[in-house]
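The structure under discussion appears below in the form of structure tokens.
Number of protein chains: 2
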Amino acid sequence: MNSEDGTVTERGHLTVTSPTGRGRGDLFDPACPTRQLLDRLGGKWTSMAVKVLGDAHPGEVRFAELKRRMPGVSQKMLAQTLRSLERDSLVDRRVEAATPPRVHYRLTDLGASLTEPIAALRNWAEEHMARIDEAGLAWDRARS
Amino acid sequence: MNSEDGTVTERGHLTVTSPTGRGRGDLFDPACPTRQLLDRLGGKWTSMAVKVLGDAHPGEVRFAELKRRMPGVSQKMLAQTLRSLERDSLVDRRVEAATPPRVHYRLTDLGASLTEPIAALRNWAEEHMARIDEAGLAWDRARS
DNA sequence: CCACGTGGTTACTGTTAGTGACCACATAAC
DNA sequence: GTTATGTGGTCACTAACAGTAACCACGTGG
Numbered sequence: 001m002n003s004e005d006g007t008v009t010e011r012g013h014l015t016v017t018s019p020t021g022r023g024r025g026d027l028f029d030p031a032c033p034t035r036q037l038l039d040r041l042g043g044k045w046t047s048m049a050v051k052v053l054g055d056a057h058p059g060e061v062r063f064a065e066l067k068r069r070m071p072g073v074s075q076k077m078l079a080q081t082l083r084s085l086e087r088d089s090l091v092d093r094r095v096e097a098a099t100p101p102r103v104h105y106r107l108t109d110l111g112a113s114l115t116e117p118i119a120a121l122r123n124w125a126e127e128h129m130a131r132i133d134e135a136g137l138a139w140d141r142a143r144s
Numbered sequence: 001m002n003s004e005d006g007t008v009t010e011r012g013h014l015t016v017t018s019p020t021g022r023g024r025g026d027l028f029d030p031a032c033p034t035r036q037l038l039d040r041l042g043g044k045w046t047s048m049a050v051k052v053l054g055d056a057h058p059g060e061v062r063f064a065e066l067k068r069r070m071p072g073v074s075q076k077m078l079a080q081t082l083r084s085l086e087r088d089s090l091v092d093r094r095v096e097a098a099t100p101p102r103v104h105y106r107l108t109d110l111g112a113s114l115t116e117p118i119a120a121l122r123n124w125a126e127e128h129m130a131r132i133d134e135a136g137l138a139w140d141r142a143r144s
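Structural data, given as structure tokens:
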């Protein structure tokens, strides 16, 4: 990409090489896989897709049906999201070769196992999100 | 175990609004607070900050120390992240008025409670991330 | 005086995610 | 033939994000 050398240390500042190319995924710290995970399901539609597929698990859901169950998503984003999940082996894609080619998606075992920690998160979110939102508004108001 | 398409509906107030507040949270679906949560800790440094603060909990950590424990973060990003967390009432900011003004951060109870579901996520991530990464590479190679 | 460290902020720049609109292609229904 | 459906792909655009660098205010040490 760009800038390989990386202008290190203007003033003897220690930095572990420059990001070099990838902004988000640079990962200087392999000991923190949480970040990677959050990077992946931090997308706008990822968690929703996992949820919808998780609800249907172990059944399959077709593209159009998925789209129907995720109001507001565009084809492009849905396709992109699913592709990403497929890449990560979290969902399985089955193409019915007949015409028009129907495509079925379902969670893999790996993907299904993800639903548990996500459920924990959702649980927490449902319990505390209102308060957080409130706090944010109050903070906005009181900021001086 | 929550299943079905959710639709827990609102908990008293729904936050359509945000014409200026948060672009990401356009939020057509208030029944999915998980998205909101992920929006917040989906930031590049948020989860790391929570982790570092959580490790010190209930102790406090100063700005510079925090920065030291998060290699690669810039002052700007750290300040921004902390401000966001503070806004959400997840961290508490205490300014020692003496000169030079020291600023101490610590998790609130709310923030501390977040560490549990995050730990679940981290757990999962540590267990499965390698496989996911592998799968991704294989997929890249075999893209068909 | 100057430099230095603390705890930020602002301005500027580059990268990315997200969106909508239109295209492809094949079949079945009208 | 025209249209609709189903599963995408591609393009151009915008808004949000991450990062770099420079600056500020303060007081201390030299």
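Residue numbers (full-length UniProt numbering), protein chains in the order written: chain E, 1 to 144; chain F, 1 to 144. Every residue, glycine too, gets a C-beta built ideally from N, C-alpha and C. These figures come from a predicted structure and were not determined experimentally.
Residue i and residue j closer than 8 Å at C-beta
i	j	result
Ile-118 of chain F	Thr-34 of chain E	yes
Asp-92 of chain E	Arg-83 of chain E	no
Leu-66 of chain E	Val-50 of chain E	no
His-57 of chain E	Ala-130 of chain E	no
Expected contact under 8 Å - CB spacing of residue i and residue j to nearest Å
i	j	result
Arg-62 of chain F	His-104 of chain F	6 Å
Leu-38 of chain E	Gly-42 of chain F	6 Å
Met-77 of chain E	Cys-32 of chain F	Rounded, the Cβ-Cβ distance is 15 Å, inconsistent with contact.
Leu-90 of chain F	Thr-108 of chain F	6 Å
residue 146 of chain E	Ala-135 of chain F	Residue 146 of chain E is absent from the model: chain E starts at 1 and stops at 144.
Thr-46 of chain F	Leu-85 of chain F	7 Å
Within-8 Å CB hit, residue i to chain E
i	result
Thr-81 of chain F	no
Pro-101 of chain F	no
Leu-41 of chain F	yes
Leu-107 of chain F	no
Pro-33 of chain F	yes
Arg-69 of chain F	no
Leu-78 of chain F	no
Residue-chain proximity (residue i, chain F), Cβ-Cβ < 8 Å
i	result
Phe-28 of chain E	In this predicted model, Phe-28 of chain E has a pLDDT of only 47, less than 50, meaning its place in the structure is not dependable; the value taken from the coordinates is given anyway. Answer yes: the Cβ-Cβ gap between Phe-28 of chain E and chain F drops below 8 Å somewhere.
Arg-94 of chain E	no
His-128 of chain E	yes
Gln-75 of chain E	no
Leu-37 of chain E	yes
Arg-62 of chain E	no
Leu-85 of chain E	no
Ala-125 of chain E	yes
Ala-135 of chain E	yes
residue 147 of chain E	Outside the shown range of chain E, which is 1 to 144, sits residue 147 of chain E, and nothing can be said about it.
Per-residue DSSP class, three states only, for residue i
i	result
Leu-60 of chain F	Just to set this straight, residue 60 of chain F is Glu in the shown sequence, not Leu. Coil at Glu-60 of chain F, not helix or strand.
Val-50 of chain F	helix
Asp-92 of chain F	strand
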